[in-house]
Amino acid sequence: MLLTLLDPENNTPLQQWSFEKESIVRIGRSPENHVVIPNALVSRDHVELQRVKSGANRQWYLVNSGTNGTFVNGALMSQGWISDGALIQLARGGPILHFQVITIEFGGKIEPIPTFNAATPRCTHAVIYSASTVGNRLKSIAQSATTKCCELWAKAVWEQQL
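Position 125 of the sequence shown, counting from 1, maps to 131 under our numbering, and the rest follow consecutively.
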């Protein structure tokens, strides 16, 4: 699993953390957390991500402990399942983390696990893709984007990749 702290102005990556074996990832201001975010809006122990095995799959469950709340794709969430590509905001107006489920394929190539939840419309322009998947994924985004900003972003990035 990858967590990427995004720049609030232009949604570019500021810092990234990778968790391959951890079953629990703690995020907050406290230095005892796996991901330390030194921001006044973030609680010492703000949120916990729990890896839960469900058959052959592993899913992630979010549990909020933050005083100022946690927002997943813009919706306030006290606890619940999170999917690949989710944007996790620690407090309204606080730092944003991009959540990615990854798998390591033969040859050491890291690829996001492709998932899409049509019931949860979300802006995808903050999503970061590896060079090997950008073509097909952005074509898909451009064809299924839920907002005009996503369509325009996907088109602009797609044209830069040609």
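All residues carry an ideal CB built from backbone N, CA and C; glycine is no exception.
Computed from a predicted structure; not experimentally measured.
Alpha carbon to alpha carbon, how far is residue j from residue i? Give it in angstroms, no decimals.
{"i": "ALA92", "j": "PHE77", "result": "10 Å"}
{"i": "GLN85", "j": "TRP66", "result": "11 Å"}
{"i": "LEU75", "j": "GLY99", "result": "Here the sequence assigns Gly to residue 75, which means Leu is not the residue at that position. One C-alpha to the other measures close to 11 Å."}
{"i": "PHE25", "j": "SER89", "result": "16 Å"}
{"i": "VAL69", "j": "ASN45", "result": "19 Å"}
{"i": "ILE110", "j": "PRO19", "result": "Note on ILE110: pLDDT 49, under 50, position unreliable in the model; no value is reported."}
Short of 6 Å in beta carbon distance, which residues of its chain neighbour residue i, apart from the five on each side in sequence? Order them along the chain.
{"i": "SER49", "result": "GLY34, GLY72 and THR73"}
{"i": "TRP23", "result": "LEU9 and VAL41"}
{"i": "ASN16", "result": "none"}
{"i": "GLN95", "result": "PHE77 and ILE102"}
{"i": "ARG64", "result": "ARG57"}
Mapping DSSP to helix, strand and coil, what is residue i?
{"i": "GLU54", "result": "strand"}
{"i": "THR153", "result": "Unreliable positioning characterises THR153 in this predicted model, as indicated by a pLDDT of 43, which lies under 50. The coordinate reading is nonetheless provided below. Coil."}
{"i": "LEU20", "result": "strand"}
{"i": "LYS59", "result": "strand"}
{"i": "ALA81", "result": "strand"}
{"i": "LEU47", "result": "coil"}
{"i": "GLU15", "result": "coil"}
{"i": "GLU117", "result": "Note on GLU117: pLDDT 48, under 50, position unreliable in the model; no value is reported."}
{"i": "ARG32", "result": "strand"}
{"i": "ASN74", "result": "coil"}
Excluding sequence positions up to five away, which residues of its chain have a Cβ less than 8 Å from the Cβ of residue i?
{"i": "SER36", "result": "VAL42, ARG50 and ASP51"}
{"i": "GLN21", "result": "THR10 and LEU11"}
{"i": "PRO14", "result": "PRO101 and ILE102"}
In terms of alpha-carbon separation, which member of the options lies closest to residue i?
{"i": "SER60", "options": "ILE108, LEU96 and TRP87", "result": "TRP87"}
{"i": "SER29", "options": "PRO19, PRO14, ARG57 and ASN16", "result": "ARG57"}
{"i": "ASN79", "options": "GLN21, HIS104 and LEU20", "result": "HIS104"}
{"i": "GLU54", "options": "ASN39, ARG32, LYS27 and MET7", "result": "ARG32"}
{"i": "LYS27", "options": "GLU38, MET7 and ASN39", "result": "MET7"}
If you measure from the CB of residue i, is any heavy atom of the ligand NAP nearer than 8 Å?
{"i": "GLY100", "result": "For the ligand NAP, the structure offers nothing, since it holds no ligand at all."}
Short check: CB of residue i to CB of residue j, under 9 Å?
{"i": "LEU11", "j": "ILE108", "result": "no"}
{"i": "ALA97", "j": "LEU47", "result": "yes"}
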